[in-house]
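Q: As they're listed, the protein sequences go chains A and B. Okay, so the first sequence: first residue is 63 according to the numbering used here, each after it adds one. Okay, so the second sequence: first residue is -19 according to the numbering used here, each after it adds one. We put the beta carbon where it would ideally sit given N, CA and C, even for glycine. Keep in mind that this is a model prediction, so the values were computed, not measured. The following block contains the structure, expressed as structure tokens.
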Amino acid sequence: MTALASRHRAFALTASLLTLTLAVTACGSSSKKTRSTGPECAAYTQYGDLSGKTVKVFTGIVTPEDALLKKTWVPFEHCTGATIKGTFDKSFETQVLVQAKAGNPPDIAIVPQPGLLQQLVATGKAVPASAETTAMVDKNFSTDWKAYGSVNGTFYAPPQNASMKSLVWYSPKEFKDKGYTVPTTLDELITLSDKIAATGKKPWCAGIGSGEATGWPITDWMEDMMLRLWGPDEYDKWVQHKIAFNSPEPTAALDEVGKFLKNSKYVNGGLGNVKSIATTAFQDGGLPILKGNCSFHRQASFYAANWPAGTTVSPDGDVFAFYLPGKTAADKPVLGGGEFMLGFRDAPEVHAFQTFVASGEWATLAAQGGGGRAVSANKAADVSKCTCSEIDKLAFQVLQDPKAIFRFDGSDAMPAAVGSNSFWKQTTSWITGQSTKTTVDKIEASWPKG
Amino acid sequence: MTSSEKFTSMLEAIGLFVAIVGLIVLVASRFGGRRGDRVVAGVFLLPTVVLVLVGLVYPALRTIYYSFYDAAGSHYAGLDNYKTIFTSSDQITVLRNTVLWVVITPFVATAIGLLYAILVDKAKVEALAKAFIFLPMAISFVGASIIWKFIYEYRPDQPGVKQIGLLNQVLVWLGGSPHQWLINSPWNSLFLVVVMIWIQAGFAMTVLSAAIKAIPEDIVEAARLDGVKAWGMFRFVTVPSIRPALIVVLTTIGIGTLKVFDIVRTMTGGQFDTSVVANEFYAQSFRSNNQGLGAALAVLLFLLVVPIVLYNVRQLRRSETR
Chain A
63 MTALASRHRA
73 FALTASLLTL
83 TLAVTACGSS
93 SKKTRSTGPE
103 CAAYTQYGDL
113 SGKTVKVFTG
123 IVTPEDALLK
133 KTWVPFEHCT
143 GATIKGTFDK
153 SFETQVLVQA
163 KAGNPPDIAI
173 VPQPGLLQQL
183 VATGKAVPAS
193 AETTAMVDKN
203 FSTDWKAYGS
213 VNGTFYAPPQ
223 NASMKSLVWY
233 SPKEFKDKGY
243 TVPTTLDELI
253 TLSDKIAATG
263 KKPWCAGIGS
273 GEATGWPITD
283 WMEDMMLRLW
293 GPDEYDKWVQ
303 HKIAFNSPEP
313 TAALDEVGKF
323 LKNSKYVNGG
333 LGNVKSIATT
343 AFQDGGLPIL
353 KGNCSFHRQA
363 SFYAANWPAG
373 TTVSPDGDVF
383 AFYLPGKTAA
393 DKPVLGGGEF
403 MLGFRDAPEV
413 HAFQTFVASG
423 EWATLAAQGG
433 GGRAVSANKA
443 ADVSKCTCSE
453 IDKLAFQVLQ
463 DPKAIFRFDG
473 SDAMPAAVGS
483 NSFWKQTTSW
493 ITGQSTKTTV
503 DKIEASWPKG
Chain B
-19 MTSSEKFTSM
-9 LEAIGLFVAI
1 VGLIVLVASR
11 FGGRRGDRVV
21 AGVFLLPTVV
31 LVLVGLVYPA
41 LRTIYYSFYD
51 AAGSHYAGLD
61 NYKTIFTSSD
71 QITVLRNTVL
81 WVVITPFVAT
91 AIGLLYAILV
101 DKAKVEALAK
111 AFIFLPMAIS
121 FVGASIIWKF
131 IYEYRPDQPG
141 VKQIGLLNQV
151 LVWLGGSPHQ
161 WLINSPWNSL
171 FLVVVMIWIQ
181 AGFAMTVLSA
191 AIKAIPEDIV
201 EAARLDGVKA
211 WGMFRFVTVP
221 SIRPALIVVL
231 TTIGIGTLKV
241 FDIVRTMTGG
251 QFDTSVVANE
261 FYAQSFRSNN
271 QGLGAALAVL
281 LFLLVVPIVL
291 YNVRQLRRSE
301 TR
């Protein structure tokens, strides 16, 4: 009897919870919007009257960044009368593919990887960008970005936000005290490292420990060096496996990384010998800079969040970063990531919303919103309005630079057997003593056949 | 899916469950008498059998089937995946590590448990002493791994830097220099094995202690009258008397060790040549997207566990019938 009673209670509880949820959802959905035509909407007249139309957006961006994203949509909704309905789900990457294959995709998917974009387009359900969207992207973005939003020469998805990885963290105070200047070429960086090493200090510190993903920071290092030594075209060939992983170019790139990370005169400042790189968590890799045990740490802009509370991150603060220089001062290869708005429904409101996200208005709105959604590669964005950190401003400037050549993180685009297994594993063994030749040979051998 | 949709589907699922259980009870209640009992038993067994078929037999067959297919599971690959397991140098390291684990852990853990059980038997502080060694059993594998990760933690030997790992601090106190325990293969696997032994020794101790207490007092007395010394008592009285318990403990730990995954994944992530079959199976299936090789590794693991399970079950039965 007690079991039956408790089942009754459970049922009652579920029922009341359900009622509550329904009520909350009902409150949440707003009534039909109408279009405003105030002066604040001058830039939005091009999108026309979209009253009563709804665009369903699906993304893997979740709390707290979803709120920032939603805020950037408000002026568009206000001025066109359209409703943007966002679904924010961590399992986006697996879900969206299932939905597209099942013929039930969202209107727009915010895709964070070129590989996934290609898979989604391959389902045949994606819709190419409209002429207006294409014109907007041509105006505001470099050809690199447009190429990443294209599949087989057809342009599909305008870029949204961007992030940057080619950064070297350092101590502005040390530079000021010792009279060092920020290097503008790779050779200058090596000369400066030698100079610091000559004082008895280990100039570089690194950590690649990340559980089963141990090794991934080296993949970023190698990608950066591949871009710097051989340029974007060879980089693309390497990522697409048009040249073998153990061919001379990648081998030289890994050796170039070795000049820093396997150089016992350079590493591992404040953390031990070369091998200690393998056991140091990547989050701890740059911390010796604060104690003055190390001068340089190469890591993406997100590392700003890893400094302990109270650390000032600015050009004259405790730590800051400089752009990992190219071979010459004129070379500006940038390694990073970004998101693309892939449309699945051929309707004016969907195209209009894609165009809006590619516009300078949207990029400025995002910059004003700050936080993790601030940075984009949109050249029309007004950086002066950015409420972002100094490091985001730096990323913004580097990404907007007309000379910048942008490339996506290559290991993400490689097959999983390489990009999230052997590349990590073998470069970790490389740090603990394996030769460069054996390392690239083993990674090449793991590349899936066919 | 919105939350209301999620709740709706949850309610549907609960409703379906209630309906099926109701149906089974209803059908079962229709039968009575002696023949009816069998039908009732059959009806009640049916859901279990169906669930075992759907949740165990079908996936097992599917896994075996996929182990003969390529990475994407779309082309027949014959025995290629199995060939890879036994020929590629990475996979051979995985097998070597698994052998290391299985050969060392059960015997050392059982030996420590047995020794401890005998030592504390009838001691004054028996309960307390037992609690100490049993405590690690209460900690999850992941928790234990994190504890041991701290024990092995390394900091360089230089001014201004302090050790935070227990083992290295002890080394430094003794005048040595800190060591990176988890990097050099195959020794690093042994340092991981220690964690498993630390956890399992308590289990061995508990079971064996109970078995020792069950040895009839008259046998012990008779042996003592015959002038048997401590070693003889252990060799000729204790061990033969608790043999079934010993075998159960050994095989149970053996099975657990074969399937070990959490410790490796938490402490090294399978890096530095420490991967074992279960960890490699996960890495291949879910990280490398190589379903074929992952399935083959799962099948191999299954084949390795089955004989031990069979032996274990047989021993259990034999000791029950005695």
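1) Quick one: which chain A residues come within Cβ less than 7 Å of residue 80/B?
2) Mind listing the chain B neighbours of residue 518/A? Cutoff is C-beta to C-beta under 7 Å, in chain order.
3) Could you confirm whether any beta carbon from chain A is found closer than 8 Å to the beta carbon of residue 53/B?
4) Which residues bound the alpha helix (DSSP H) around residue 133/B?
5) Do you know how far the Cα of residue 291/B is from the Cα of residue 192/B?
6) Terminal residues of the continuous beta strand (DSSP E) containing residue 226/A?
7) Could you give the distance in angstroms between the alpha-carbon of residue 448/A and the alpha-carbon of residue 431/A?
8) For residue 240/B, which residues in chain A fall below 9 Å Cβ to Cβ?
9) So what's residue 359/A in DSSP terms, helix, strand or just coil?
10) Can you tell me whether residue 294/B is helix, strand or coil according to DSSP?
11) Step through the CB atoms of chain A and report whether any lies within less than 8 Å of the CB of residue 76/B.
12) Can you pull the chain A residues whose beta carbon is under 9 Å from the beta carbon of residue 18/B, in chain order?
13) Name, please, each residue of chain B whose Cβ falls closer than 7 Å to the Cβ of residue 433/A.
14) Should residue 141/B be flagged as near chain A, meaning a C-beta pair shorter than 8 Å?
15) Could you name the residues of chain B that residue 333/A contacts, counting a contact when the two beta carbons are closer than 7 Å?
16) According to DSSP, is residue 149/B helix, strand or coil?
17) What does the alpha-carbon distance come out to for the pair residue 380/A and residue 235/A?
18) With H, G and I counted as helix, E and B as strand and the rest as coil, what does DSSP make of residue 496/A?
19) Looking at residue 112/A: is its Cβ nearer than 8 Å to the Cβ of residue 143/A?
20) Would residue 501/A and residue 491/A qualify as a contact pair, given that the criterion is a beta-carbon distance under 8 Å?
21) Can the beta-carbon of residue 121/B be found less than 8 Å from the beta-carbon of residue 145/B?
22) In whole angstroms, what separates the C-alpha of residue -3/B from that of residue -9/B?
23) Would you list the one or two residues that DSSP bridges to residue 171/A?
24) Three-state secondary structure (DSSP) at residue 165/A?
25) Note down the Cα distance separating residue 346/A from residue -5/B, rounded to an integer number of angstroms.
26) Using only CA atoms, which one of 8/B, 271/B and 220/B lies nearest to residue 19/B?
27) Rounded to a whole number of angstroms, what is the C-alpha to C-alpha distance between residue 417/A and residue 119/B?
28) For residue 157/A, which option in 146/A, 181/A, 496/A and 495/A has the closest C-alpha, if you only look at C-alpha atoms?
29) Of the residues 259/B, 271/B and 266/B, which one's Cα is nearest the Cα of residue 73/B?
30) Anything in the region 260 to 293 of chain B with a Cβ closer than 7 Å to a Cβ of chain A? List those residues in chain order, please.
31) Quick one: residues in its chain with C-beta nearer than 7 Å to the C-beta of residue 328/A, no 5 flanking neighbours on either side, listed in chain order?
32) Compare the C-beta of residue 156/B with all C-beta atoms of chain A and state if any pair is closer than 8 Å.
33) So which residues of chain B does residue 510/A contact, with C-beta pairs closer than 7 Å?
34) Would you tell me roughly how many angstroms separate the C-alpha atoms of residue 22/B and residue 4/B, rounded to the nearest one?
35) Exposed or buried, what is residue 285/A when buried is set at 16 or more other beta-carbons lying within 10 Å of its beta-carbon?
36) Which residue comes first and which comes last in the beta strand (DSSP E) that contains residue 385/A?
A: Walking through what the data contain:
1) Along the second sequence, read from residue 1 onward, the residue named residue 80/B stands at position 100. At a C-beta separation below 7 Å, residue 80/B has no neighbours in chain A, since its nearest C-beta there lies roughly 19 Å away.
2) Here chain A covers residues 63 to 512 and nothing more, so residue 518/A does not appear.
3) If you number the second sequence from 1, residue 53/B lands on position 73. Taking 8 Å as the CB threshold, residue 53/B stays off the interface with chain A.
4) Stepping through the second sequence from its first residue, residue 133/B is reached at position 153. Where residue 133/B is concerned, there is no enclosing alpha helix (DSSP H), given that its DSSP letter is neither H nor E.
5) Mapped onto the second sequence, residue 192/B falls at position 212. Mapped onto the second sequence, residue 291/B falls at position 311. Rounded to whole angstroms, the gap between the alpha carbons of residue 192/B and residue 291/B is 22 Å.
6) Along the first sequence, read from residue 1 onward, the residue named residue 226/A stands at position 164. Run containing residue 226/A: 221 to 226, per the beta strand (DSSP E) assignment.
7) Within the first sequence, residue 448/A is the residue found at index 386, counting from 1. Within the first sequence, residue 431/A is the residue found at index 369, counting from 1. Rounded to whole angstroms, residue 448/A to residue 431/A spans 8 Å at the Cα level.
8) The residue labelled residue 240/B in the question sits at position 260 within the second sequence. In chain order: nothing, as chain A lies at least about 15 Å away.
9) Stepping through the first sequence from its first residue, residue 359/A is reached at position 297. In this structure, residue 359/A counts as strand in the three-state DSSP scheme.
10) By one-based count along the second sequence, residue 294/B stands at place 314. The answer is helix: DSSP assigns residue 294/B an H, G or I state.
11) Counting from one through the second sequence, the residue named residue 76/B turns up at place 96. Taking Cβ atoms only, chain A never reaches closer than 8 Å to residue 76/B, which makes this a no.
12) One-based indexing of the second sequence puts residue 18/B at position 38. Within 9 Å Cβ-Cβ: nothing; residue 18/B doesn't reach chain A, min ~26 Å.
13) For this step, residue 433/A is matched to residue 371 along the first sequence. Residues of chain B passing the Cβ test: none, with the nearest at roughly 25 Å.
14) Locating residue 141/B in the second sequence gives position 161, where the first residue counts as 1. Closer than 8 Å: yes.
15) Walking along the first sequence from the start, residue 333/A turns up at place 271. Within chain B, the residues near residue 333/A are 136.
16) Start at 1 with the first residue of the second sequence, and residue 149/B comes out as number 169. Three-state DSSP puts residue 149/B in a helix.
17) In the first sequence, residue 380/A corresponds to position 318, counting from 1. In the first sequence, residue 235/A corresponds to position 173, counting from 1. Just so you know, the alpha carbons of residue 380/A and residue 235/A end up roughly 7 Å apart.
18) Within the first sequence, the letter at position 434 stands for residue 496/A. Here residue 496/A sits in coil by DSSP.
19) Translated into the one-based positions of the first sequence, residue 112/A becomes position 50. Translated into the one-based positions of the first sequence, residue 143/A becomes position 81. Cβ distance < 8 Å, so residue 112/A and residue 143/A count as in contact.
20) If you number the first sequence from 1, residue 501/A lands on position 439. If you number the first sequence from 1, residue 491/A lands on position 429. Their beta carbons are under 8 Å apart, which means residue 501/A touches residue 491/A by this criterion.
21) Taking the second sequence and counting its residues from 1, the one referred to as residue 121/B is at position 141. Taking the second sequence and counting its residues from 1, the one referred to as residue 145/B is at position 165. Judged by beta-carbon spacing, residue 145/B lies beyond the 8 Å limit of residue 121/B, meaning their Cβ atoms are not closer than that value.
22) The count along the second sequence starts at 1 and reaches residue -3/B at position 17. The count along the second sequence starts at 1 and reaches residue -9/B at position 11. Each residue's alpha carbon lies about 10 Å from the other.
23) Along the first sequence, read from residue 1 onward, the residue named residue 171/A stands at position 109. Residue 171/A is bridged by DSSP to 120/A and 404/A.
24) One-based indexing of the first sequence puts residue 165/A at position 103. Of the three classes helix, strand and coil, the one that applies to residue 165/A here is coil, per DSSP.
25) Locating residue 346/A in the first sequence gives position 284, counting from the first residue. Locating residue -5/B in the second sequence gives position 15, counting from the first residue. Going from the Cα of residue 346/A to the Cα of residue -5/B covers about 51 Å.
26) As a first step, residue 19/B is located in the second sequence; it is residue number 39 there, counting from the start. Nearest C-alpha to residue 19/B: 8/B.
27) Your numbering for residue 417/A matches position 355 in the first sequence. Your numbering for residue 119/B matches position 139 in the second sequence. About 55 Å.
28) Working through the first sequence from its first residue, we reach residue 157/A at position 95. Ranking 146/A, 181/A, 496/A and 495/A by Cα distance to residue 157/A puts 181/A first.
29) Mapped onto the second sequence, residue 73/B falls at position 93. Selected option, being the one with the closest Cα: 259/B.
30) So the list reads 263, 267, 268, 269 and 270, given in the order they occur along the chain.
31) Position 266 of the first sequence, counted from the first residue, corresponds to residue 328/A. Short of 7 Å from the beta carbon of residue 328/A, and not among the five residues preceding or following it, lie these beta carbons of its own chain, in chain order: 255, 259, 264, 265, 266 and 322.
32) Counting from one through the second sequence, the residue named residue 156/B turns up at place 176. Residue 156/B is outside the set of residues whose beta carbon lies under 8 Å from a beta carbon in chain A.
33) What you label residue 510/A is simply residue 448 of the first sequence in a count that begins at 1. Ordered by position in chain B, the residues that pass the 7 Å Cβ test against residue 510/A are 51.
34) Counted from its first residue, the second sequence places residue 22/B at position 42. Counted from its first residue, the second sequence places residue 4/B at position 24. Whole-angstrom Cα-Cα distance: 10 Å.
35) On the first sequence, residue 285/A is found 223 positions in, with the first residue counted as 1. Residue 285/A comes out buried.
36) Within the first sequence, the letter at position 323 stands for residue 385/A. From DSSP, the beta strand (DSSP E) with residue 385/A extends over 382 to 385.
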